[in-house]
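Numbering (this note's numbering), first residue to last: 73 to 122.
Cβ coordinates follow ideal geometry from the N, Cα and C atoms, glycine included.
Notes for the one structure printed next.
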Ligand SMILES: [Zn+2]
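See the structure below:
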C-alpha cells in the first residue's frame with residue numbers, strides 16, 4: 073500500500089510510504105524532502121573538503 077505522506081518542501085514532489093519504506097526524508101524541523109533535495113541540502117550544508 074502506498075500512503076501519501078506529503079510533498080517535498082523543495083520541489084513539491086509527492087512523498088509516499090511504500091510498504092513501510094518511506095521514500096523521502098523527514099527532518100528534525102518536521103520538514104519533508106525527497107531524497108534528491110535532501111542530498112543537495114546535505115551537500116550545501118557540508119563544507120567541501122580540499
Ligand atoms: Zn524534492
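Ligand 1 heavy atom lying under 6 Å from the CB of residue i
i, result
"residue 85", "yes"
"residue 109", "yes"
"residue 89", "no"
Which of helix, strand or coil DSSP assigns to residue i
i, result
"residue 106", "strand"
"residue 117", "helix"
Range covered by the beta strand (DSSP E) that runs through residue i
i, result
"residue 128", "In this structure the chain extends from 73 to 122, so residue 128 is not present and cannot be described."
"residue 75", "74-79"
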